[in-house]
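Chains as they are written, first to last, in the working numbering: chain C, 7 to 157; chain R, 7 to 186; chain L, 5 to 681.
Glycine included, every Cβ here is placed at the ideal spot set by N, Cα and C.
Keep in mind it's a predicted model, so treat the numbers as computed, not measured.
Single-structure report; data block below.
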Amino acid sequence: MTRRRVLVWGGLAVLVVGTLAWAAWPSSGATTPASRASELATELRCPDCEALSVADSDSTSAEAIRADLLRRTKAGESDAEIRQVYIDRYGESILLKPTSNGLGLIVWVLPVVALALAAVGLALAFAKWRRQPRLEATDADEALVQRARAG
Amino acid sequence: MKHPARWAALGVAVVVGSLAVVLASQVSTNPQAAEQQSRLVGQTVPTFTVHTFDGQTLSSRSLAGKAVLVNFWNSWCIPCQQELPSLKMFAAEHAGDPSVVLLGILRDDTVGAARPYAQAEGISWPLADDPSAALSLDFGTRGQPETYAISPGGLVVGSEYGPASVKNLDTLLAAAQSHP
Amino acid sequence: MKASLGILGVALGASSAGLGICVLARGLWKHEDRWLIVGRRFVFGVLGAAIVAVAAMEWALLTHDFSLQYVAENNARGTPLLFTITGLWANLEGSILLWVLVLGGFLAFTAHKFRHRATDPLVAWANIVGLAVALFFFALMLGPANPFRTLSSPPLDGSGPNALLQDHPLMAFHPPLLYLGLVGFTIPFAFAVAALITGRFGEGWLADTRKATLIAWGCLTIGIILGAWWSYEVLGWGGFWAWDPVENAALLPWLTATAFLHSVIVQERRGMLRVWNLSLILSTFCLTILATFLTRSGVLNSVHSFTVSDIGPWLLVFLGVVAAASIGLIFWRGDRLRSPGKIDTPVSRESAFLVNNLLFAGLAFVVLLGTVFPLLAEALQGKQLSVGEPYFNRMTTPIALLLLFMMAIAPALPWRAATADVLRRRLLLPAYAGGATMLIALALGTRGITTVLAFGLGAFALGGIVRQFAVGARARRRAEGEGWPTATRHMIGANPRLYGGLVVHVGIVCIAVALASFSAFTVRREVSLARGGSATVSGYTITYLGNKTTSSAQKRSVSVELQIHHGGSDLGVYAPAISTFPGTSDGIGTPSVRTGLLRDVYLTLVSSPNQKGRITIGVDINAMVVWLWIGGFVIALGTLLALSPRVRRRVRPEPAPLADTPTPEPPPTREPEVVGV
C-alpha cells in the first residue's frame, strides 16, 4: 500500500517535473534582427495611441517605428541603445513597462513584497493556530456563536 | 495589538488618503500640460529633404539661415482645421519676409486628400508629404497638429503641441529669430 | 417639453431620495416604525422618477429632437434605430441616467424583497445608504452632468454617436450589463454599512444580499467579456484586452467581488473572516466609484482627448466620502469584529479560500498600482510614464497560474482537515490528466512554460470538476435508482450553488486556455495584394476578389472581398472595410472574422485600393479566441444555476452513503455543502 502510494505520487511528480523541464528547455534558435525588432515593438507605446503597443497598432507612426526598429536592429544597435533613442525622442512614457530603476522600481517590487508579506503573515497565523490547543467551547463561546448566527 | 482590525483600518486609511491626494492633485491638471514641450527642443534639427506639392525640394540644408516653423498636420484632423485660421494669419503677416518660412508636413494623410483641401482653403505656404512617416518619427511627433521652431543656425528652439494661436506662433518665431 | 419632463424626473428622483433618507432617519431616531414603513416607499419613487427621466430621453432620441444638446451630439437623422436607442449610453450624461435607472431597479428589488422586514433597523439603514447613493447620482444630473440641457437654436441634424459606438450591435448590450454589474454592488455595500452601523455582524445580511451580489457579479463578468468581444470585433487591432485604464477600472471591482464571493463561504460555514469580508465588499463599491472616476474625469485619458468633463471633482469627493465612511466604520467597530474560530490545518478548504483571497487581492493590487502609477509618477516627480501590456502580462501571469492551481485543488479539499487518502482519491486522477495534457501539448509542438502550465492546470481543474459531477451523479443513481440524466438533474437541483459554482469554474478554464493559446500561437502578417492576387499565411490562402464602395446617410464604406481557402476547402468570402462617418474624416476599420473552434482568421483592411489598385490587408491567425466567448456563456449559465432556488425533496430516513464521505463536520450553519460561488 505504502509502496503503491509512493509509486503513484512519485510518478505524478516525475511526469510534471519532466514536462515542465522540457517546456522550459531553451529551444528557439539565436535571435534575429527581425525577432528583436518585433520584441521591441511590443515594449514601445504607439505615440498616437492610448495604451496600444507599436506592435498592436496600425497607425502610420507605429508602422514607421516598426520599420525604424528593423533598420536599427539590422544595423547592429543593441536593445538598450534603441530604447534610449526612443526615450530621448518621446520621453520615458514611450516605454510600456517602466524601467526597474528609480521610481519605476516601486511598480515592480511593491506587489512582490506585499504578496510575500501576506504569505508570511498567513504562514505565521497557521503556526499560531497550530500551537493553540483545541479549546472546548465555554458557555460564553456558545452564546457568542448563537448571537452571531442570529445575525 | 488589542484590535487588529483597527490597526489595519488605520493603515488602509493612510494609503487611501495619500492616493486621494494624488488623484485630487491630478484632477485639475490637464494631462497634456506636461507634454507641451518636445524633447527635441535644444537639439539640432534632424536632417531632412522633402518634396512639396508644387514640386519644390526643401531640405534642412537649403533652409539654413532662415527662421523656420515646421507644422505637422492632416487635412482630416479637426484640431488642425481649428488651427488653420491662425496659420493663415501668420503666413499673411510674414508673406513678404524671405527669412521666415512656414512649412507644412503631412503627418498621416495622403496627398490625394490634402491637395484639394489645401486648394479649397487657399493655403499659401509650402506643403510637403512625408511618405512612410520618416520625418514625423525623426521629430518625435506625438499627434497633430504639432509645430516646431527652428533657428537660422539649425537648432530646434521651441515646439507647440495642439492647435496654436497666432500669439503662440509669433512667440515661436521670436524664439527662432533670437537664436543665432 | 421633453427636456422639462426629463428635468422633472431627475428633480423628482433627487427629492424622493432626499425625503426618503429624512423620513427613514427620523424613524430610526424616534424608534417609530410608522416612519420606517413610509420611508421604504420612497425607493419606488426613485425608480419611478428614473423611469420618467429615461423615457423622456429615449423619446427625445427617437424623435430626433435636436433641441436637446445631448441628442444633437449623440444622434443624427441617419442613425439606425438600434443605435438611436443605445444613444442613451453613448455619452457621459446619458450613462448616468442609465446608472440611476439600474440603481433604482436594484433598490426597488431589494426593498420589495424585504417588505416584511421594513421596520428592521438594519434594513432601514441599508435603504438609507442606497438612497444616499441614488441622491448623489441625481445631484450629478442636476449639477455638472445635466442630460437635458437645451440648445437655443437647434441644428437641422445632429452629429451622431461616436463612430466607434455605432458600428456593432454588441454596443447595445455591453454598457448596460456593465452598469448592472457595477451598480449592483451598491446593495451588498448598503447592507455591509448597515451591519456595521447597527453592530449586527451575524451572517444574516450576507445571506440576504447573496442574490443581488451574485446577479451583479454575473452581469459584470458578462459585461467585461462582451467589452472584450466588442473590442475584438470592432476595433480591428486583433486583440481584445489592452490593459487600458478603462478596462482595468472595470476589472478591479470584479477581482475584489470574486474574492468576496469565495471568502463569504468561509464566513457562512465557520463564522470567520468578518472584517475581511466587510472590507472586500466596501472596497468593491469604492472601486466601482473609482472606475467611474478614472473613466469619466479624464485624469488618465490619452493626449488625444481634447474634451475633459468636469464631474471629476464631484466623483472624487464622493469617493473620498465613501472610503472615509467605510474605513471609519471598520475602525469604530474594530473591537466587536473579532470572529470566533480558527483554521486547523493549512491543507483544508478554508485555508484554500484564504490563499485564493490572498491571490485575488494581490491581483487587484497589481492592476490598481499599474493603473494609477502614471499619476503617482507625475505627482511625485513630474515625470510622464506609461504602464502597459508588458508590465501587466509579466506581473499577472504568475498570479493567474497560481489561481488556476487553487481552482483545481480547492473544490476537492474537505473542510477542517484533509487526509492523504482523501487527497489521493479526489486529486490523483485529475492531476494525472493535467500532466498528460502537458505532455501531449509539448509533443504537439507547444513551447513556453506558461502556455504548457496553463493547459495542464486547466485540464487538472476540469478533471476535478468532471470527477465531482460524475461521483455525485453516480452516488445518486445508486441510491435512488435513477438514470444518469435524472440523477444529474436532481443532484444539481439539490445544491445549485455548488454545481453552479463548478460550472462557472468550467467557464474560467475555457477562458484561461483561450488566453494562453492566443498569446502563444497567434500569427500576424501584413500583405499587399493586387486584384486577383493571393497570399498564404499559416496554411490559409487569402485571395483578393474585388472591392465595393457603399454610401449611406450614416457612413461611407470601402470594403474588399477576400476569399479564404484552407487545405483545399473554401471557407467563404469575407469583407473587411474602412468606413468614414460624417463629421470625422478619420477612417474606422471594420475587421472581418472567420470564426473557428481552433483558429480565427482575422482580416483587416489596412489601406484601401491605391492608384494601382493594390490593397494592404492585415491577416491574423488567432488561436482559440472563440473559447473566450464560450467561456463567458458558460459563466453566465453557471451564475444562473447558482441563482436558481434549491429544490428540496422529501428527505429519506437514511441518506445513502456517498462514495466520497466527507470527514466528519460540525453541523453547518446554513447549507450542508457550500462551495464555489
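Distance cut-off 7 Å: residue i Cβ against heavy atoms of the ligand ATP
| i | result |
| --- | --- |
| D136(R) | The ligand content of the structure shown is nil, which means the ligand ATP is not present either. |
Which of helix, strand or coil DSSP assigns to residue i
| i | result |
| --- | --- |
| R137(C) | helix |
| E166(R) | strand |
| A154(C) | helix |
| S306(L) | With a pLDDT of only 39 at S306(L), under 50, the local geometry of the prediction cannot be trusted, and the value read off the model is given with reservation. Residue state, collapsed to three classes: coil. |
| K682(L) | This structure leaves residue 682(L) out entirely; chain L is present only between 5 and 681. |
| T63(R) | strand |
| T545(L) | strand |
| A663(L) | At A663(L) the pLDDT is 43, less than 50, meaning the model places this residue with poor confidence; the figure from the coordinates comes in the next sentence. Of the three classes helix, strand and coil, the one that applies to A663(L) here is coil, per DSSP. |
| D69(L) | coil |
| H494(L) | helix |
| V56(R) | strand |
| L108(R) | strand |
| T349(L) | coil |
| E98(C) | helix |
| V44(R) | What sits at residue 44(R) in the sequence shown is Ser, not Val. Three-state result, S44(R): coil. |
| A253(L) | helix |
| T311(L) | Residue placement at T311(L) is poorly supported in this model, since its pLDDT is 44, which falls under 50; the coordinates are not used for a value here. |
| S611(L) | strand |
| T83(L) | coil |
Element boundaries [alpha helix (DSSP H), containing residue i]
| i | result |
| --- | --- |
| S330(L) | 316 to 336 |
| E62(L) | 37 to 66 |
| L23(L) | 6 to 34 |
| D144(R) | 140 to 145 |
| M95(R) | 84 to 99 |
| P122(R) | 117 to 127 |
| L139(L) | 125 to 146 |
| G635(L) | 630 to 647 |
| E486(L) | Taken as a continuous stretch (DSSP letters only), E486(L) belongs to no alpha helix (DSSP H), as it is neither H nor E. |
In DSSP terms, what residue i is bridged to
| i | result |
| --- | --- |
| A155(R) | L75(R), G164(R) |
| N360(L) | None; N360(L) has no bridge partner. |
| R560(L) | S555(L), T584(L) |
| S31(R) | Bridge partners of S31(R): none, in fact. |
| D624(L) | R528(L), Y606(L) |
| T540(L) | T545(L) |
| G593(L) | I582(L) |
| A15(R) | Partner(s): none; A15(R) has no beta bridge. |
| S355(L) | Answer is none; S355(L) lacks a bridge partner. |
| A134(R) | T58(R), I111(R) |
| L4(L) | Residue numbering for chain L in the displayed model covers 5 to 681; residue 4(L) lies beyond these limits and cannot be assessed. |
Beta-carbon proximity of residue i to residue j, cut-off 8 Å
| i | j | result |
| --- | --- | --- |
| Y96(C) | P39(C) | no |
| Y92(R) | A120(R) | Residue 92(R) is actually Ser in this sequence, not Tyr. No, the pair does not count as a contact, with Cβ atoms beyond the cut-off. |
| T114(L) | I191(L) | yes |
| R204(L) | L126(L) | yes |
| Y2(L) | V118(C) | The displayed coordinates of chain L run from 5 to 681. Any statement about residue 2(L) would go beyond what the structure contains. |
| G622(L) | D64(C) | yes |
| G240(L) | T594(L) | yes |
| A54(L) | V104(L) | yes |
| Q385(L) | L109(C) | yes |
| A163(C) | L76(C) | With chain C running from 7 to 157 in the structure shown, residue 163(C) is simply not present. |
| Q73(L) | L155(L) | yes |
| T620(L) | E565(L) | no |
| P132(R) | T58(R) | yes |
| R342(L) | A414(L) | no |
| V517(L) | I625(L) | no |
First through last residue of the beta strand (DSSP E) which encompasses residue i
| i | result |
| --- | --- |
| E83(C) | Neither: E83(C) is in no beta strand (DSSP E) and is coded neither H nor E. |
| L533(L) | 527 to 533 |
| S596(L) | 596 to 598 |
| D574(L) | 573 to 578 |
What alpha helix (DSSP H) runs, 4 residues minimum, are completely inside the stretch 366 to 427 of chain L?
393 to 413
Ignoring anything shorter than 3 residues, give me the beta strand (DSSP E) runs that lie fully in the stretch 24 to 62 of chain C, in order along the chain.
none
Can you list, in chain order, the stretches of the alpha helix (DSSP H) that have 4 or more residues and sit fully within the stretch 178 to 224 of chain L?
178 to 188, 190 to 202
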